[in-house]
Amino acid sequence: MTKTSNITIIGAGLMGHGIAHVLAAAGHPVKVFDRSAEALESLPGRLAKLCDLLRVDPAINDRITAHGNLAEAATGADFVIEAAAENLEIKQFIVAELEAVVEPSSIIASNTSALPITKIAARASNPERIVGTHFWNPPHLVKLVEVVQAEKTSLKTIKWTLALLFGAGHRAVHVRKDIPGFIGNRLQHALKREAIALVANGICDAETVDDVVKHGFGKRLAVLGPLEQSDLVGLPLTKAIHETLMPDLDRTDTVHPYLEQRIADGHIGMASGEGFRTWTEDEANGLRERLNNFLVAQANTNATHKKED
Ligand SMILES: NC(=O)c1ccc[n+]([C@@H]2O[C@H](COP(=O)([O-])OP(=O)(O)OC[C@H]3O[C@@H](n4cnc5c(N)ncnc54)[C@H](O)[C@@H]3O)[C@@H](O)[C@H]2O)c1
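Per this note's numbering: the sequence shown = residues 353 to 661.
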């Protein structure tokens with residue numbers, strides 16, 4: 353996609369401001385609407401910090417404008433992404449408001465983490481142009497976007513959305529059916545189900561689970577997906593392991609009682625100093641900093657490789 357498109361983002365929060373940066377950095381004019389004056393006031397400062405972090409020209413932000421009126425922000429938009437609160441009623445309401453002001457050809461995308469896109473589009477008069485665009489947090493550092501095809505999303509909508517996101521340097525993938533958790537969260541939570549069961553069954557403690565992932569197969573996950581890895585070692589080996597392992601893996605089909613109990617005991621995570629593991633404030637901040645530094649270093653390495661290509 354060489355031409356620029358008029359982009360509107362609904363919601364200037366954590367995801368909305370990152371997505372605004374990504375699309376403005378790709379050259380598109382971006383209008384951001386939020387119903388919170390506070391979110392709009394803090395937007396320029398947060399966008400400036402992203403440019404500092406990524407060491408990119410802050411002039412990118414000249415392409416981003418903040419709006420307290422939805423019609424003003426969305427009129428003339430080719431592509432709208434809602435990144436408002438994770439609430440079905442709110443998202444359906446936003447779609448209805450948008451349909452009243454955008455052109456019939458405009459695409460309306462939702463950044464929902466888990467709500468079915470089909471439900472978000474349920475009351476829409478033109479559901480063919482409604483699509484899921486599940487960015488990952490933080491969107492300016494994690495390049496994946498799952499583009500979710502709901503029951504009535506047209507292929508034209510999907511193709512246009514994939515092209516826009518690829519053009520912005522993101523790795524956009526097509527999720528052909530609107531299933532809970534799309535692809536990424538299904539994989540992530542399948543891993544968490546087994547991780548929780550290992551701890552609940554006394555096989556190891558939570559730190560050991562994290563060590564096994566971080567120092568073991570997690571090391572290669574960024575360059576070797578699970579199915580690539582199966583092809584690498586050969587499918588017969590994968591089959592042999594599955595014959596032993598599949599009958600034994602956890603298959604709890606509700607929230608695991610161990611997770612329920614931790615929460616009931618007030619162990620909700622870093623915010624309370626204890627979740628599956630215990631955390632001092634320094635340890636929690638240290639981990640956040642290490643994660644951020646790692647993602648920034650990776651983003652800068654990728655940017656350098658791109659320039660050299
Ligand atoms: N935070 C994550 O890790 C993450 C990852 C992927 C997807 N998401 C999804 O992205 C969406 C936004 O998440 P977030 O973390 O940026 O939330 P956030 O709370 O940081 O930001 C949401 C923003 O939307 C605004 N808002 C709420 N209702 C609105 C409305 N009716 N009209 C206009 N603005 C409205 C709020 O004022 C706020 O500024 C959610 O659907 C969330 O599930 C979040």
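No residue lacks a Cβ here, since even glycine has one placed at the ideal position from N, Cα and C.
Would residue 435 pass as a contact of residue 531 if the rule is Cβ separation under 8 Å? no
List the DSSP bridge partners of residue 523. 496
Residues near residue 528 in its chain [Cβ-Cβ closer than 8 Å; skip 5 each side]: 501
Examine chain C for any beta-carbon lying closer than 8 Å to the beta-carbon of residue 397, and answer yes or no. Given the protein chain composition of this structure (a single chain), no chain C is represented.
8 Å Cβ cutoff met for residue 551 and residue 561: yes
With 16 as the cutoff for other CB atoms within 10 Å, does residue 386 come out buried or exposed? buried
At the level of alpha carbons, what is the spacing between residue 464 and residue 568? 31 Å
Residue 502 Cβ short of 7 Å to ligand 1 heavy atom set: no
Return the CA-CA distance between residue 548 and residue 622, expressed in angstroms with no decimal places. 17 Å
Relative to ligand 2, is the shortest distance from any of its heavy atoms to the C-beta of residue 387 smaller than 7 Å? Ligand 2 is absent from the structure shown, which contains only ligand 1.
N- and C-terminal bounds of the beta strand (DSSP E) containing residue 434: 431-434
Going by alpha carbons, who is nearest to residue 395 out of 641, 416 and 406? 416
Entirely enclosed beta strand (DSSP E) segments - the region 411-460, minimum 3 residues: 416-419 and 431-434
Grab the span of the beta strand (DSSP E) containing residue 620 for me, first residue to last. Looking at the DSSP string, residue 620 is not in any beta strand (DSSP E), and its letter there is neither H nor E.
Taking all protein chains shown into account, do 16 or more other C-beta atoms lie within 10 angstroms of the C-beta of residue 578, making it buried, or fewer, making it exposed? exposed
Give me the residue from 564, 470 and 427 with the minimum Cα distance to residue 449. 427
Is residue 622 close to ligand 1? I mean its beta-carbon at under 7 Å from any heavy atom of the ligand. no
Assumed close pair residue 663, residue 485 - CB separation to whole angstroms, cut-off 8 Å: No statement about residue 663 is possible, as the shown extent of the chain runs from 353 to 661 and does not include it.
To the nearest angstrom, how far is it from the Cα of residue 365 to the Cα of residue 392? 9 Å
In chain order, what residues of the same chain lie with their CB nearer than 6 Å to the CB of residue 608, ignoring the 5 residues before and after it? 548
Under 7 Å from any heavy atom of ligand 1, does the C-beta of residue 365 make it? yes
Suppose you measure from the CA of residue 377 to the CA of residue 412; what does that come to, to the nearest Å? 6 Å
Could you pull the start and end residues of the beta strand (DSSP E) that residue 383 belongs to? 382-385
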